[in-house]
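Under this note's numbering, the first residue of the sequence shown is numbered 1330, with each subsequent residue one higher.
From the three backbone atoms N, C-alpha and C, an ideal C-beta is built for every residue, glycine too.
Quick notes on the structure that follows.
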Amino acid sequence: MIALLIVLSSLFINKLSGETKNILVANYNTLDYSRQMLIALNNGIENPESIKLFQENLNGQQNNITEAGEKELTEKLVKNFEKLKQSPAEAVMLRNVQKDITDIMHLNMQAIQRKSSIAQSTADSSIFWVTLVGTICFLIAFILLVNLPGNIANPVKELTGSIKQIAAQNYSQRVHFEKHNEFGELATAFNSMAQKLEEYKAGNLEKLMIEKRRIETLINNMKDPVIGLNETKQIIFMNDNALKITGLHKEDVIGKSVQDISVSNDLVRLLIQDLFIPENKSGENKKAPIKIYADNKESYFEKEIIPIKIIPTGESEEKMIGNVILLQNITPYKELDFAKTNFIATVSHELKTPISSIKMSLQLLENEQIGKTNAEQKNLIESIKEDTTRLLKITGELLNMTQVESGKIELGMIPVEPAEILEYAVKANKSQAEEKKITFQIAVPEKISKVMADSEKTAWVLTNLVSNAIRYSYENSVICLDIAETTNNILFSVTDTGQGIAPQYRDKIFDRYFRVPGTKKEGTGLGLSISKEFIEAQGGSITVESDFGAGSKFTVSLNKASV
Ligand code: ADP
């Protein structure tokens, strides 16, 4: 359009310049020749210089005939000039020549006027055409300006929208550009991609559905109750056994918030209580089995909450997408455990009486009044006595353990003098210590508060600790027995200089039946675990510090009796 305007303007300018040039060449020169000829006449025609000037300009005029009638006038001038040259004195001749010249001038001036009006009209029309064409060009440019970006942007916008839909897995999305240009090709390519994705998704979906049904059947047939939650703690599945023990119906729970369900269901409330506790705090009573009435009897379940974390495609960070609450039915094991505990309780109880009577019989045997015993018999009696004591200790420990296991620790909490408890433990271990020539170094503050404890059980624990200290100490060593008082507690500590306990076993020695590998002394591995249960049942704690190879310190902490 700019080129069109340039060409049009140049054409008009060219035309105008041609027309003005025409005026210059054709008429202006004639006027100049005429003026020169008039000057020559004025200078006097007798003068040869004037004749020469006149002749030159006349020749010029003869070669510059441009207007109609100009030729005749010029020829007339030539003739009259010839006449004037022959009779220069004649005034008529001079006037004729002057008239001819003014006629030629007049003719040319008229021509100039005519041509200038033609040039004017050419200028007018060029202004008109250039303005018209310019306006049309502007209008076209404006229309293009408004419409062209839209023509390009709209398909791009549509395509972007469609790509977003595909990214959101809406594979039924298509684009519709009807143009047969690059956009059209792009649309075809895009639509074919979307179609392929749709087919792929449909195929995959079918497979996924089969897999989903397979897993659902698997979960439903599991004997253990399973509950699946999504990241917003809504129930996404609950197998038949989970529905059975909670007494809920599938249609009432699926898609519902587990918190809402827990409001009206005690068991669900119990199952999810750890779910809302931060991970590090929930560990404590995780392993305590849950007692539920199921299968027409009391059943025991071990709860496990498994967090489900995945790394989404294209991302690097793990994302939590829900939890699975798994209840493992441990009733059969629990029943076996009860049977075992009952059996041990019965056996150890039944054994206790005959062993005690053996012990009494031995004491009678030692009595000189019954009859004299020789040295060998005395030795035998002594060794039987030791074995009976050991047997009694074992049966006592086993009985205590059954109490602990069945959760039936009966406590008689009363305020007791701490020194009394310690004294009992020292007395009970006296002969054992003497055998190994071990001495006790006892430190009890003169004034000390009473301790709130079950004196029998605490005495049992201290006896056991002192007995261990003796057993795991070398001969001729010293065992320190201290009692101390803090703001709220009474601390009993038993420190020996024996073999000590390796760091990796320090937590384990309080486990039932655990014995440090390689321990040669006889024992059941029950003493410390029962001690822990007894002390904790009284609201206290038992701890160990040990310098491996140099000795151990066991500390029992119990609450002070309030004054
Ligand atoms: P038992 O002594 O009957 O084996 P315990 O429960 O009393 O059972 O102790 C568990 C284990 O802890 C022992 O087998 C022993 O290896 C270790 N142990 C306990 N007390 C001490 C001690 N004072 N010094 C060294 N090791 C000890």
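Distances taken from the Cβ of residue 1845 to the heavy atoms of the ligand ADP include one shorter than 7 angstroms. Inside the stretch 1447–1527, DSSP marks no whole beta strand (DSSP E) run of 3 or more residues. Cα atoms of residue 1711 and residue 1704: separation of roughly 10 angstroms, rounded to the nearest angstrom. Residue 1739 and residue 1558 have their C-alpha atoms roughly 41 angstroms apart. Counting along the chain, residue 1840 sits inside no alpha helix (DSSP H), nor does DSSP assign it H or E at all. For the pair residue 1670 and residue 1735, the CB atoms are nearer than the 8 angstroms cut-off. In terms of Cβ geometry, residue 1584 and residue 1601 do not form a close pair [threshold 8 angstroms]. In the structure shown, residue 1629 falls within a strand segment according to DSSP collapsed to helix, strand and coil. Taking all protein chains shown into account, residue 1353 has fewer than 16 neighbouring C-beta atoms within 10 Å of its C-beta and is therefore exposed. For residue 1677, the distance from the CB to the nearest heavy atom of the ligand ADP is not below 7 angstroms.
As DSSP reads the structure, residue 1810 sits in a beta bridge with 1771, 1823. Sixteen is the threshold: since fewer than 16 other Cβ atoms of the shown chains lie within 10 Å of the Cβ of residue 1415, the residue is exposed.
Boundaries of the alpha helix (DSSP H) around residue 1859: 1856–1866.
In the displayed model, residue 1624 falls within coil according to three-state DSSP, outside both helix and strand. In this structure, the straight-line span from the alpha carbon of residue 1578 to that of residue 1783 is close to 49 angstroms. Restricting attention to 1780, 1527, 1718, the CA atom closest to the CA of residue 1741 is found in 1780. At least one heavy atom of the ligand ADP falls within 7 angstroms of the beta-carbon of residue 1797. Assignment of residue 1644 by DSSP, reduced to helix, strand and coil, places it in the coil class. Excluding the 5 residues flanking it on each side, residue 1659 has same chain C-beta neighbours closer than 8 angstroms at 1618, 1629, 1630, 1631, in chain order. The DSSP-derived three-state label of residue 1606 is coil. If you compare the alpha carbons of 1381, 1569, 1359 with that of residue 1369, the shortest gap goes to 1381. Taking all protein chains shown into account, residue 1825 has 16 or more neighbouring C-beta atoms within 10 Å of its C-beta and is therefore buried. For residue 1873, the pairing in a beta bridge is given by DSSP as 1883. With a cut-off of 7 angstroms, the C-beta of residue 1758 is classified as distant from the ligand ADP, since no heavy atom of the ligand falls inside that distance.
The closest heavy atom of the ligand ADP lies 7 angstroms or more from the beta carbon of residue 1729. Runs of the beta strand (DSSP E) lying entirely within the stretch 1524–1586 and spanning at least 3 residues, in chain order: 1555–1559, 1564–1567. Per the coordinates, the alpha-carbon of residue 1822 lies some 15 angstroms from the alpha-carbon of residue 1777. At least 8 angstroms separates the beta-carbon of residue 1349 from that of residue 1440. A contact between stretches requires three or more CB pairs, one per stretch, nearer than 8 angstroms, and the stretch 1844–1860 fails this requirement with the stretch 1812–1821.
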